[in-house]
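S.K.: Going line by line, the protein sequences match chains A and B.
Heads up: the first sequence is residues 0 to 483, going by numbering that gives the first Met the number 0.
Heads up: the second sequence is residues 0 to 88, going by numbering that gives the first Met the number 0.
Please see the structure below; I have some questions.
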Amino acid sequence: MISIEYLILITVFPPLLVCAITPFLSGRTILRDLLGPIGGLVSSWGSIKLVQAVLDGEQPKLEFLQIAEGISIGFTVTPLGALFGLVASLLWIFAGIYSVGYMRGNKEKSQTRFSTFYALAVHAALCIAYAGDLLTLFIFYEILTFSTYPLVTHKQDELAQKAGRLYMSILFGSSVILLLPAIIWVWVITGSLEISQNGVLDGKIDPKYAPFLLMMFVFGIGKAALMPIHKWLPAAMVAPTPVSALLHAVAVVKAGVFTMLLVLTNVFGIDFLSKTGASFWLIGLASFTLLTTSVIAIYKDDIKARLAYSTISQLSYITLGGALASSMATQGAALHIVTHAAGKITLFFVAGAIYVGAKLSKISELNGQGKSMPLIFIAFFIGSLSIIGVPPMGGSWSKFFLMLGAAESGYFFVIAVFCVSTILNVYYLLEIPARAFFFKKEKQITPKIPVLITIPTLMTCFLTILLFFFIEPFQNLASLMVSK
Amino acid sequence: MIKATISSEGIWIVFLILISSALSLIYLWKMIEVLWLHENTKKIIINENPSVYISLLIITFLNIYFGLDASLIVNSSESAANTLMGFSK
Chain A
0 MISIEYLILI TVFPPLLVCA ITPFLSGRTI LRDLLGPIGG LVSSWGSIKL VQAVLDGEQP
60 KLEFLQIAEG ISIGFTVTPL GALFGLVASL LWIFAGIYSV GYMRGNKEKS QTRFSTFYAL
120 AVHAALCIAY AGDLLTLFIF YEILTFSTYP LVTHKQDELA QKAGRLYMSI LFGSSVILLL
180 PAIIWVWVIT GSLEISQNGV LDGKIDPKYA PFLLMMFVFG IGKAALMPIH KWLPAAMVAP
240 TPVSALLHAV AVVKAGVFTM LLVLTNVFGI DFLSKTGASF WLIGLASFTL LTTSVIAIYK
300 DDIKARLAYS TISQLSYITL GGALASSMAT QGAALHIVTH AAGKITLFFV AGAIYVGAKL
360 SKISELNGQG KSMPLIFIAF FIGSLSIIGV PPMGGSWSKF FLMLGAAESG YFFVIAVFCV
420 STILNVYYLL EIPARAFFFK KEKQITPKIP VLITIPTLMT CFLTILLFFF IEPFQNLASL
480 MVSK
Chain B
0 MIKATISSEG IWIVFLILIS SALSLIYLWK MIEVLWLHEN TKKIIINENP SVYISLLIIT
60 FLNIYFGLDA SLIVNSSESA ANTLMGFSK
């Protein structure tokens, strides 16, 4: 019987081990390519056990180093952390398999280096999920930024250089200039950086300063891609598609919205936000981002660019859910981390499959291609329905809870925002399968999609449906997250 | 340093310190970009001396160590500051 504390290590160390071993396996490509999915399986096993422990009322904890009074380096598995850890480790299995198919199919260079940094990024994401305090979270937040830079600039050309500069300047700049002082501010007024169940600021900060502290956190967490600090995400589209999947579903943006939700619920606390109205401005900004980026997505002809703006919009659902400061909305936001991850990874897998198999990257080029790649476009259709929130897809649950939360908190205009956004989602996402299946074919293409791309794409597509029927453990975690 | 400036109500100094940290990334990053993104056009043979690497590894380790356990440098700086303040009185 393994102690639950060690389960944390079993979950976070496989990707670090994969990262350490992979550079020595450049000559043994099969073994190198197997390591990622195997590491994903071990991490997933650990994360499932941690979810079970948290659902049983335990709080696995592991402290490594006490730096000063109230500051330590260590892990604590909260319900929200258990949920994010499960998402990151499970999706790493599929992303690992897909990466092999994509990198080989597209004959990409430096595959060993790619796998090394990919694993390091997953390790950082898992450490963020289980971070026991804000300093641990900040350290791994930065490791995630630095470890994904070589992935974003993988092509090492001029475009990659520009994208890399934007990526680093926004993510690192915002975190150093705003997130770090916000964390220090919390430490100065509370004397601790530990993550508490219901927030730590009530009675410690003058409510008139709370919106400013929240502003520092919100604009310091660049990975949550709220406007106007969202530009890095579309720019990062120059990277190979498995990196886009990593950015949009497995690690980076999910680490961003996880941190945002953690700050809103575990630093400020729902009751404090609701009582003081400190997050009112954030409701407005998230609603604006949500709608504006949905409209921008409509005008993007590049598949990955359209999906990037869709991601920014969907991340705003999560931020908005937390900002509404109601139990239902916060649960909806937590569930949206799961359902959006499954849906969006499917859509990116499809975008990569189309590129590798048919060398197409524009939506206007997809007319009539549905018959030559039926499974791939059906997967896109199902993934889209999940993002839109249509039953029986997993995404319908998170949107249902978000709607209930908007009603519960009394912000009825947010319900209208959700409805308009859903219509826009339908327009910009379903245009792609509609063109593929119902438009007249313009190009005769015989696509060759590697089986290692098709299988994970179909599996994540299936996952979006499974989530509708088996949402209960995730919902229980979300409900534990807001319990008093 | 940051805590000291906050407690002396110099919150704007905190931002200056952190903005300078962010700016240092810009000039350091230019080196990383050159090393990472630019092709090696000249063939240079470097005679590597292992002792250089050992020193570098020790200094790198110390950078991380003092980041996590700053008690030694904090205590010695404090006593140095106290001594200087004493002389100035």
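We put the CB at the ideal spot given by N, CA and C, even for glycine.
I'd like the span of the beta strand (DSSP E) that includes A:T291, first residue to last.
M.R.: Residue numbering aside, residue 291 of chain A sits at position 292 when the first sequence is read from its first letter. It is not in any beta strand (DSSP E) - A:T291 instead sits in the alpha helix (DSSP H) that spans 279–297.
S.K.: Who are the neighbours of B:I18 on chain A, taking C-beta pairs under 8 Å?
M.R.: Within the second sequence, residue 18 of chain B is the residue found at index 19, counting from 1. Going along chain A in sequence order, the residues near B:I18 (Cβ under 8 Å) are I176.
S.K.: Report the three-state DSSP secondary structure of A:V151 (helix, strand or coil).
M.R.: As a first step, residue 151 of chain A is located in the first sequence; it is residue number 152 there, counting from the start. A:V151: helix per DSSP, three-state reduction.
S.K.: Please state the DSSP three-state secondary structure of B:I43.
M.R.: Position 44 of the second sequence, counting from 1, holds the residue named residue 43 of chain B. Coil, per DSSP.
S.K.: Can you find a C-beta in chain A that's less than 7 Å from the C-beta of B:V13?
M.R.: By 1-based counting over the second sequence, the position of residue 13 of chain B is 14. With 7 Å as the cut-off, B:V13 counts as an interface residue toward chain A.
S.K.: Where B:N48 and B:K42 are concerned, what is the direct C-alpha to C-alpha distance, given to the nearest angstrom?
M.R.: Mapped onto the second sequence, residue 48 of chain B falls at position 49. Mapped onto the second sequence, residue 42 of chain B falls at position 43. Rounded to the nearest angstrom, the two C-alpha atoms are 19 Å apart.
S.K.: Run down chain B in chain order and give the residues with a C-beta less than 9 Å from the C-beta of A:T152.
M.R.: By one-based count along the first sequence, residue 152 of chain A stands at place 153. E32, W35, L36, listed in chain order.
S.K.: What residues are listed by DSSP as bridge partners for A:G73?
M.R.: Locating residue 73 of chain A in the first sequence gives position 74, where the first residue counts as 1. According to DSSP, which records beta bridges pairwise, A:G73 is partnered with A:E62.
S.K.: Pull up the distance between the alpha-carbon of B:S75 and that of B:L83, whole angstroms please.
M.R.: Counted from its first residue, the second sequence places residue 75 of chain B at position 76. Counted from its first residue, the second sequence places residue 83 of chain B at position 84. Cα to Cα, B:S75 sits roughly 12 Å from B:L83.
S.K.: Looking at the strands, I want to know which residues DSSP matches up with A:K361.
M.R.: Here residue 361 of chain A refers to the residue found at position 362 when the first sequence is read from its first residue. A:D301, per the DSSP bridge assignment.
S.K.: Per DSSP, A:D132 is paired with what?
M.R.: In the first sequence, counting from the first residue as 1, residue 132 of chain A sits at position 133. DSSP, once it has assigned bridges, lists A:E193 as partnering A:D132.
S.K.: Taking the straight line between their C-alpha atoms, what separation do you get for A:F469 and B:M30?
M.R.: Taking the first residue of the first sequence as position 1, residue 469 of chain A is located at position 470. Taking the first residue of the second sequence as position 1, residue 30 of chain B is located at position 31. Distance between the alpha carbons of A:F469 and B:M30 is about 50 Å.
S.K.: Mind checking if A:Q155 is an interface residue toward chain B, Cβ cutoff 7 Å exclusive?
M.R.: As a first step, residue 155 of chain A is located in the first sequence; it is residue number 156 there, counting from the start. Closer than 7 Å to some Cβ of chain B, the Cβ of A:Q155 qualifies, so yes.
S.K.: Can you have a look at B:T59 and say buried or exposed, based on whether 16 or more other CB atoms are within 10 angstroms of its CB?
M.R.: Here residue 59 of chain B corresponds to residue number 60 of the second sequence, with the count starting at 1. Classification for B:T59: exposed.
S.K.: Have a look at A:V175, A:Y208, A:K442, A:H339 and flag the residue whose alpha-carbon is nearest the alpha-carbon of A:S363.
M.R.: If you number the first sequence from 1, residue 363 of chain A lands on position 364. When only C-alpha atoms are compared, the closest one is A:K442.
S.K.: I want to verify the contact list: residues of chain A whose CB lies under 8 Å from the CB of B:L67, in sequence order.
M.R.: For the purposes of this step, residue 67 of chain B is taken as residue 68 along the second sequence, with counting starting at 1. Per Cβ cutoff of 8 Å: L64, I66, I72.
S.K.: Between A:A307 and A:M236, which are expected to be in contact by the criterion C-beta below 8 Å, what is the C-beta distance as a whole number of angstroms?
M.R.: Within the first sequence, the letter at position 308 stands for residue 307 of chain A. Within the first sequence, the letter at position 237 stands for residue 236 of chain A. Correct: roughly 5 Å between the Cβ atoms.
S.K.: Do the CB positions of A:A118 and A:V17 come within less than 7 Å of each other?
M.R.: Locating residue 118 of chain A in the first sequence gives position 119, counting from the first residue. Locating residue 17 of chain A in the first sequence gives position 18, counting from the first residue. Result yes, Cβ atoms of A:A118 and A:V17 sit closer than 7 Å.
S.K.: How close, in whole Å, do the beta carbons of A:A296 and A:S309 come, if the pair is a contact with beta carbons under 8 Å?
M.R.: Taking the first sequence and counting its residues from 1, one reaches residue 296 of chain A at position 297. Taking the first sequence and counting its residues from 1, one reaches residue 309 of chain A at position 310. Confirmed, Cβ separation roughly 5 Å.
S.K.: Sorted by chain position, which residues of the same chain lie with C-beta nearer than 7 Å to A:L85's C-beta, five sequence neighbours on each side aside?
M.R.: The count along the first sequence starts at 1 and reaches residue 85 of chain A at position 86. Within the same chain, A:L85 has close Cβ partners S46, I47, V50.
S.K.: Examine chain B for any beta-carbon lying closer than 7 Å to the beta-carbon of A:P227, and answer yes or no.
M.R.: Position 228 of the first sequence, counting from 1, holds the residue named residue 227 of chain A. Taking Cβ atoms only, chain B never reaches closer than 7 Å to A:P227, which makes this a no.
S.K.: Is there at least one Cβ from chain A nearer than 7 Å to B:L61's Cβ?
M.R.: Within the second sequence, numbered from 1, the residue matching residue 61 of chain B stands at position 62. Cβ-Cβ to chain A under 7 Å: no for B:L61.
S.K.: For B:L71, decide whether its Cβ has a neighbour in chain A, counting only Cβ atoms nearer than 7 Å.
M.R.: One-based indexing of the second sequence puts residue 71 of chain B at position 72. No, because no Cβ of chain A sits closer than 7 Å to the Cβ of B:L71.
S.K.: Determine the contact status of A:P485 and A:F379, defining contact as a CB-CB distance below 7 Å.
M.R.: Chain A is shown from 0 up to 483; residue 485 of chain A falls before or after that span and cannot be answered.
S.K.: Using a 10 Å radius around the Cβ and a threshold of 16 neighbouring Cβ atoms, would you call A:W231 buried or exposed?
M.R.: For the purposes of this step, residue 231 of chain A is identified with residue 232 of the first sequence, where counting begins at 1. It counts as buried.
S.K.: Which residue comes first and which comes last in the alpha helix (DSSP H) that contains A:E430?
M.R.: Start at 1 with the first residue of the first sequence, and residue 430 of chain A comes out as number 431. Segment 411–437, the alpha helix (DSSP H) holding A:E430.
S.K.: My output table needs one value for A:L384: the three-state DSSP class, helix, strand or coil.
M.R.: The count along the first sequence starts at 1 and reaches residue 384 of chain A at position 385. In the structure shown, A:L384 sits in a helix (DSSP, three-state: H, G or I).
S.K.: Less than 7 Å between the C-beta atoms of A:T275 and A:C460, yes or no?
M.R.: Along the first sequence, read from residue 1 onward, the residue named residue 275 of chain A stands at position 276. Along the first sequence, read from residue 1 onward, the residue named residue 460 of chain A stands at position 461. Contact: no.
S.K.: Quick check: the Cα distance between A:S25 and A:Q155, rounded to an integer number of angstroms?
M.R.: As a first step, residue 25 of chain A is located in the first sequence; it is residue number 26 there, counting from the start. As a first step, residue 155 of chain A is located in the first sequence; it is residue number 156 there, counting from the start. Looking at the two C-alpha atoms, the distance is approximately 19 Å.
S.K.: At the 7 Å Cβ level, is B:K41 part of the contact set with chain A, yes or no?
M.R.: Indexing the second sequence from 1 puts residue 41 of chain B at position 42. Chain A contact via Cβ: absent.
S.K.: Listed from N- to C-terminal order along the chain, which residues in the stretch 177–205 of chain A have their beta-carbon within a distance smaller than 7 Å of any beta-carbon of chain B?
M.R.: Cβ contacts with chain B come from L179, P180, I183, V187.
S.K.: Should A:L484 and A:L374 be called a contact, given that it needs their Cβ atoms to be closer than 7 Å?
M.R.: The question about residue 484 of chain A has no answer here: the residues shown for chain A are numbered 0 through 483.
S.K.: Any idea what DSSP makes of A:A67, helix, strand or coil?
M.R.: Here residue 67 of chain A refers to the residue found at position 68 when the first sequence is read from its first residue. Reduced to three states, the DSSP call for A:A67 is strand.
S.K.: What residues from chain D crowd round B:L56, counting only those whose CB sits closer than 8 Å?
M.R.: In summary, chain D is missing from the structure at hand, where the protein chains are A and B.
S.K.: Can you have a look at B:K88 and say buried or exposed, based on whether 16 or more other CB atoms are within 10 angstroms of its CB?
M.R.: Locating residue 88 of chain B in the second sequence gives position 89, counting from the first residue. Residue confidence for B:K88 is low, a pLDDT of 44 falling below 50, so the modelled location carries little weight and cannot support an answer.
S.K.: At the level of alpha carbons, what is the spacing between A:L260 and A:I194?
M.R.: By one-based count along the first sequence, residue 260 of chain A stands at place 261. By one-based count along the first sequence, residue 194 of chain A stands at place 195. Cα to Cα, A:L260 sits roughly 12 Å from A:I194.
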